[in-house]
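Protein chains in written order, with this note's numbering: chain D, 1 to 241; chain S, 1 to 55.
This report concerns only the one structure given below.
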Ligand code: HEM
């Protein structure tokens, strides 16, 4: 084997190395998201604001939703609807959902007023929208699993709408067993996957500079003084890190 | 058996509603919306701890 075909570990392979899809995928990933972009050491000073904390608040709440949800699922409804410890864990599950949505909506408002979709961050915005939509469906199935009169009311209000759009057979709100599967496997996996994509996209593009950042802003340019691109664009954003 | 059945049914109250001129909102929903607006404003006005030190 030639030295060319076996790059030493840790040394990035050069373009000519990729003959296989794995190699090309590795090169594409390393180019899009090099390790220092994935796990950066610091952020520009404008990120030191509460306005940038709410995404992380949503992630923290989501983590507790998942942990408490695993405990609930493993112990079953006879535990969480009857014992006092079970009811307590059930309540922390509900309240972390309340926090999750509160943080997510404040995050959405902040990103909207910052126009944080600027500079090629469309997919970050769209994965945000998706996470909102999928989270609502997940929360909806959760409310149905209360199996009380409240959830019965919600289910039978929703049933007609779901039948009208033709999904009633696969998403049958009157079938608790089916809803349990949706609520504890499919929808959490979907929320998790969309959130992971969303955060990876934030890392790929870096944090959007403030609206009032001038093109000559030292923080946006000091690594690449020759850059002529708008500070909002992803390419010149290398300098923003 | 009946114990856990009854317990799992739980009790759901009517809720408290506020309304003005044909507009009504349940207290829980109103509280959540007001909390979100307060958090939004606080996030803009409160200084971030240690922010000045950052590069
Ligand atoms: C599951 C809910 C969500 C989670 C866990 C989440 C998480 C995050 C995190 C951790 C960040 C980076 C830090 C920050 O700026 O706060 C971020 C950025 C961002 N989020 Fe979300 N987010 C969620 C929902 C949304 C929604 C609903 C939208 C809008 C529709 C959205 C739009 C954005 C945008 C555009 C950015 C990039 C900001 C920038 O580059 O400056 N996110 N998100």
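We put the beta carbon where it would ideally sit given N, CA and C, even for glycine.
Just so you know, these numbers come straight off a predicted model, no measurement behind them.
For residue i, count neighbouring C-beta atoms within 10 Å of its own C-beta (all shown protein chains included) and say buried if the count is 16 or more, exposed if not.
| i | result |
| --- | --- |
| residue 50/D | buried |
| residue 17/S | exposed |
| residue 44/D | buried |
| residue 129/D | exposed |
| residue 31/D | exposed |
| residue 124/D | buried |
| residue 112/D | exposed |
| residue 54/D | buried |
Just reading off the beta strand (DSSP E) that residue i is part of, what are its end residues?
| i | result |
| --- | --- |
| residue 171/D | First-last for residue 171/D: undefined, no H or E at that position. |
| residue 18/S | 17-20 |
| residue 26/S | 23-26 |
Under 8 Å between C-beta atoms, does residue i make it to chain S?
| i | result |
| --- | --- |
| residue 54/D | yes |
| residue 194/D | no |
| residue 145/D | no |
| residue 226/D | Low local confidence applies: a pLDDT of 44 at residue 226/D is under 50, so the model's placement there is unreliable, and no value is given. |
| residue 125/D | no |
| residue 72/D | no |
| residue 66/D | no |
How would you write the range of the alpha helix (DSSP H) that residue i sits in, first residue to last?
| i | result |
| --- | --- |
| residue 184/D | No alpha helix (DSSP H) contains residue 184/D, which DSSP labels as neither H nor E. |
| residue 78/D | 77-80 |
| residue 36/D | 35-38 |
| residue 25/D | 21-32 |
Flag residue i as yes if its beta-carbon sits less than 8 Å from any beta-carbon of chain D, otherwise no.
| i | result |
| --- | --- |
| residue 30/S | no |
| residue 48/S | yes |
| residue 17/S | no |
| residue 35/S | yes |
Rounded C-beta distance between residue i and residue j? I'm assuming under 8 Å.
| i | j | result |
| --- | --- | --- |
| residue 179/D | residue 127/D | Incorrect: roughly 25 Å between the Cβ atoms, too far for contact. |
**Message:** Extract the residue ranges of the alpha helix (DSSP H) inside the region 114-168 of chain D, only unbroken runs of 4 or more that lie entirely within it.
**Reply:** 122-144, 149-164
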